[in-house]
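Each remark here refers to the structure printed beneath this line.
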Ligand code: DLL
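Numbering (the numbering used here), first residue to last: 117 to 549.
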C-alpha cells in the first residue's frame, strides 16, 4: 500500500518545530479559555495559575484537568469559548448515563477537523481516486460527518450510507465499487458475516482498505477483518470532546497511531494524576491546542494507552499512541480480580473455531459474582458432535482461567445468534448494577 501524506509539510515537522507550535498554541488556548470560559477562569484562579505563567508546552503541568463530569455540569453549552452565534455545528455522544456529552464547532474548527481527517484517511492509502463507503452513523455521532468531510477534502468519491440495513450496504459496496470502508470494526465484522450468509464472493468487491474505530478492537480482529474482507485494516481514534474521529491514526507501518500534535497535546498519567514517561501505560489526557468553539485543557479520556516518540518509518514525525485496548472505566471487578473485556476477547480469539462475536454477562448470586461468556461458533463447527463441543467449551474455560485468572461459565452460541450493533458493540452486560 502506498504511503500517502496529505500535508507533508505539517506531517513531517521536526520535533523542535512541533514543540514550538505546541508552546505557542498552548499559550493561546490558555488565554482563550481564561478570558472566555468562566469554568476555566475559576479552576485556574483556584490553582493560582494565570495565562502568563504558561510559556512552553512543559508548563501544561500547571493547568487543571477537565473531566467528563465537568462537561455534564456545564451542559449543554457552558464550556463554549465563543458566542453561540459563532458555533456552526453541534455534535454529541450518548453517554451511558443521562445527558449526552456536547461539542460545539466554529467554522475554523470544522476546517481543521476536515484537514485532520484527510490526513488520517490518507494514512490508509485513500486518495482522490478512492471510493469511500461511510457506514459510520450520520447525525449527532461524529463518525459519519467526520469521515465524510475528510474524504471530500481529499477529493475522493464519498458514499454517505450511514449505519444499518446491512443487505443494502452489501449491494451498494458492490455496485458503487467502494475501495475503502469506514465503520466500526464490529460492524465491519457484521458485513463480513452477512457477505458469507448471502453467498457474496469477496472478489466481487473492490475494497482495499478499512478505516475502523470508535470502539476497542484487537490485533486478532484486525487479522480476521483483513482476511475476510481482503483489505488492509487501519485504526482511527478520536472522541467527541476533542472533535471526533481523526485525533490519531494508524499509518502503513501500523505500530501505533500518530496523534496530530500540531492540534492536540497528548499526555499519559497514572491514577494519582502524575505524568508518565513515553512507553509507560496509563490514562490518555489530551489538550486541544487550536479549537475555538470548545477548547478543553487536559481532558481525561479514561482511555488506556502509552506514547512512543521514536521516529516512525513512514516519515511522519508526530508522536504515536498505542491502540486503545480498554478504558479505565470498562474494568470489571469480578470477585476482586480486575478484568478488562479486551483481555477476554484476546483470550477467546486464541482458540480456533471461535468467531470474534461475544458477550460477557456478569451477575451476582448471593454475594458471589458470576460471569458467563457467550461466544459464537464459526460456521465450520456447526456439524461437530456434542462431545467435540463439550471439549471446546472446556478448552475455553481453561484458557480464560489461565489468561484472565477468573473462572467463567462459557456458553457456545450459534453463528449469528448474538445481538449485532450498527455502531459500537455492547460487549458487557453487568446485571450487578
Ligand atoms: O467514537 C469518535 C470516533 C468515530 C472515533 C469514528 C473513531 C471513528 P465518542 O462516541 O465520543 O467518539 O467515543 C469516544 O470511543 O474515548 C474511546 O473510548 C472509544 N474509541 C474511539 N476510537 C477508538 C479506537 C467516537 N480506535 C470513545 N480504539 C473514546 C479504541 C476507541 N477505542
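Built from N, CA and C at the ideal position, the CB exists for glycine as well. For clarity, every value in this text was computed on a predicted model and none was experimentally measured.
* **Own chain, CB closer than 8 angstroms to residue 527, minus 5 neighbours either side, in chain order** => In the chain shown, residue 527 corresponds to position 411, counting from 1. If the five residues before and after residue 527 are omitted, its C-beta is found closer than 8 angstroms to the C-beta atoms of 488, 489, 490 and 491, all from its own chain and listed in chain order.
* Smallest Cα separation from residue 410: which of 360, 394, 453 and 447? -> For the purposes of this step, residue 410 is identified with residue 294 of the chain shown, where counting begins at 1. The candidate whose alpha carbon is nearest that of residue 410 is 360.
* Proximity winner among 229, 162 and 302, relative to residue 270 (alpha-carbon distances) -> Taking the chain shown and counting its residues from 1, the one referred to as residue 270 is at position 154. Shortest Cα-Cα distance from residue 270 to any of 229, 162 and 302 involves 229.
* Rounded C-alpha distance that separates residue 431 from residue 128 -> Reading the chain shown from its first residue, position 315 is the one you call residue 431. Reading the chain shown from its first residue, position 12 is the one you call residue 128. C-alpha separation (whole angstroms): 6 angstroms.
* Asked: Using a threshold of 7 angstroms, is the CB atom of residue 88 nearer than that to any non-hydrogen atom of the ligand DLL?
  -> It is not possible to answer for residue 88, since the shown part of the chain is limited to 117 through 549.
* Asked: Going by alpha carbons, who is nearest to residue 407 out of 293, 448 and 380?
  -> Along the chain shown, read from residue 1 onward, the residue named residue 407 stands at position 291. Out of 293, 448 and 380, the CA that lies nearest to the CA of residue 407 is found in 380.
* **beta-carbon residue 277 near the ligand DLL non-hydrogen atom, thresh 7 angstroms** => If you number the chain shown from 1, residue 277 lands on position 161. Not so, every heavy atom of the ligand DLL lies at least 7 angstroms from the Cβ.
* Asked: Would you call residue 441 buried or exposed, if buried means 16 or more other Cβ atoms sit within 10 Å of its Cβ?
  -> As a first step, residue 441 is located in the chain shown; it is residue number 325 there, counting from the start. Buried is the call here.
* Return yes when the Cβ of residue 249 is within less than 8 angstroms of the Cβ of residue 288, no when it is not. => Against the chain shown, residue 288 aligns to sequence position 172. Against the chain shown, residue 249 aligns to sequence position 133. The Cβ atoms of residue 288 and residue 249 lie closer than 8 angstroms to each other.
* Asked: In the structure shown, what three-state DSSP assignment does residue 240 receive?
  -> Residue numbering aside, residue 240 sits at position 124 when the chain shown is read from its first letter. Coil.
* Is the segment 169-189 in contact with the segment 135-148, if contact means three or more CB pairs nearer than 8 angstroms? -> Contact between the segment 169-189 and the segment 135-148 is present: 3 or more CB-CB pairs across the two stretches fall below 8 angstroms.
* Asked: Nearest-angstrom Cα distance between residue 146 and residue 413?
  -> For the purposes of this step, residue 146 is taken as the residue at position 30 of the chain shown. For the purposes of this step, residue 413 is taken as the residue at position 297 of the chain shown. If you take the alpha carbons of residue 146 and residue 413, they lie about 8 angstroms apart.
* Three or more C-beta pairs below 8 angstroms linking the segment 370-380 and the segment 224-239 -> These segments touch.
* Does the ligand DLL have a heavy atom nearer than 7 angstroms to the CB of residue 513? -> On the chain shown, position 397 is the one that residue 513 refers to. Checking every heavy atom of the ligand DLL against the Cβ of residue 513, none is found closer than 7 angstroms.
* Excluding five sequence neighbours on each side, which residues of the same chain lie with their C-beta closer than 8 angstroms to the C-beta of residue 369? -> Within the chain shown, numbered from 1, the residue matching residue 369 stands at position 253. Result list for residue 369: 428, 429 and 430, in chain order.
* **Three CB pairs or more closer than 8 angstroms across the segment 458-467 and the segment 499-519** => Verdict: yes, contact present.
* Could you tell me the distance, in whole angstroms, from the CA atom of residue 543 to the CA atom of residue 336? => In the chain shown, counting from the first residue as 1, residue 543 sits at position 427. In the chain shown, counting from the first residue as 1, residue 336 sits at position 220. Cα to Cα, the separation comes out at about 16 angstroms.
* Asked: Does the segment 316-333 come close enough to the segment 171-191 that 3 or more CB-CB pairs lie under 8 angstroms?
  -> At 8 angstroms Cβ cutoff, the stretches do not touch.
* Is it right to say residue 394 is buried, meaning 16 or more other beta carbons lie within 10 angstroms of its own, or is it exposed? -> Taking the first residue of the chain shown as position 1, residue 394 is located at position 278. Flag for residue 394 reads exposed.
* Quick one: which unbroken beta strand (DSSP E) runs of 3-plus residues sit fully inside the segment 250-291? Chain order, please. => With a minimum length of 3 residues, the unbroken runs of beta strand (DSSP E) contained wholly in the segment 250-291 fall at 273-276.
* Within 7 angstroms: the Cβ of residue 419 and any heavy atom of the ligand DLL? -> As a position in the chain shown, residue 419 is number 303, starting the count at 1. Yes; taking the cut-off as 7 angstroms, the Cβ of residue 419 has a heavy atom of the ligand DLL nearer than that.
* Closest by C-alpha distance to residue 345, when choosing among 317, 352 and 331 -> Taking the first residue of the chain shown as 1, we reach residue 345 at position 229. That would be 317, whose Cα lies nearest to the Cα of residue 345.
* To do: Indicate, with yes or no, if the ligand DLL has a heavy atom lying under 7 angstroms from the CB of residue 209.
  => The residue you call residue 209 lines up with position 93 of the chain shown. Placement of the Cβ of residue 209 at a distance of less than 7 angstroms from at least one heavy atom of the ligand DLL is found.
* Residues that residue 454 bridges to, as DSSP identifies them -> Here residue 454 is taken as the residue at index 338 of the chain shown, counted from 1. According to DSSP, which records beta bridges pairwise, residue 454 is partnered with 449.
* Taking buried to mean at least 16 other C-beta atoms within 10 Å of its own C-beta, is residue 523 buried or exposed? -> The sequence position of residue 523 within the chain shown is 407, counting from 1. Around the C-beta of residue 523, fewer than 16 other C-beta atoms lie within 10 Å, and the residue is accordingly described as exposed.
* Span separating the alpha-carbon of residue 349 from that of residue 200 -> Residue mapping note: residue 349 aligns to position 233 of the chain shown, counting from 1. Residue mapping note: residue 200 aligns to position 84 of the chain shown, counting from 1. The straight-line gap from Cα to Cα measures roughly 39 angstroms.
* **Simplified DSSP assignment, three categories, for residue 434** => As a first step, residue 434 is located in the chain shown; it is residue number 318 there, counting from the start. Coil.
* To do: From the DSSP output, in three-state form, read off residue 328 for me.
  => Taking the first residue of the chain shown as 1, we reach residue 328 at position 212. The three-state reading of DSSP puts residue 328 in strand, counting E and B together.
* Select from 309, 437 and 180 the residue whose C-alpha is nearest the C-alpha of residue 371. => Taking the chain shown and counting its residues from 1, one reaches residue 371 at position 255. Checking every option, the nearest Cα to that of residue 371 belongs to 437.
* Element boundaries [beta strand (DSSP E), containing residue 545] -> One-based indexing of the chain shown puts residue 545 at position 429. Per DSSP, residue 545 belongs to the beta strand (DSSP E) from 544-546.
* **residue 426 versus residue 238: straight-line alpha-carbon distance, rounded** => Within the chain shown, the letter at position 310 stands for residue 426. Within the chain shown, the letter at position 122 stands for residue 238. Residue 426 and residue 238: Cα-Cα distance of roughly 21 angstroms.
* How many angstroms separate the CA atom of residue 476 from the CA atom of residue 373? -> Translated into positions along the chain shown, residue 476 becomes position 360. Translated into positions along the chain shown, residue 373 becomes position 257. Their backbone Cα atoms lie some 28 angstroms apart in a straight line.
* **Top-ranked residue by Cα proximity to residue 217, from 202, 192 and 240** => Mapped onto the chain shown, residue 217 falls at position 101. Here the closest residue by C-alpha is 192.
* State yes or no: is the C-beta of residue 288 nearer than 7 angstroms to some heavy atom of the ligand DLL? => Working through the chain shown from its first residue, we reach residue 288 at position 172. No, Cβ of residue 288 sits at least 7 angstroms from all heavy atoms of the ligand DLL.
* Exposed unless 16 or more other CB atoms sit within 10 angstroms - verdict on residue 358 -> On the chain shown, residue 358 is found 242 positions in, with the first residue counted as 1. Buried: at least 16 other Cβ atoms inside 10 Å.
* Could you give the residue range of the beta strand (DSSP E) that holds residue 481? -> To locate residue 481, count along the chain shown from 1; it is residue 365. Residue range 470-481 is occupied by the beta strand (DSSP E) that includes residue 481.
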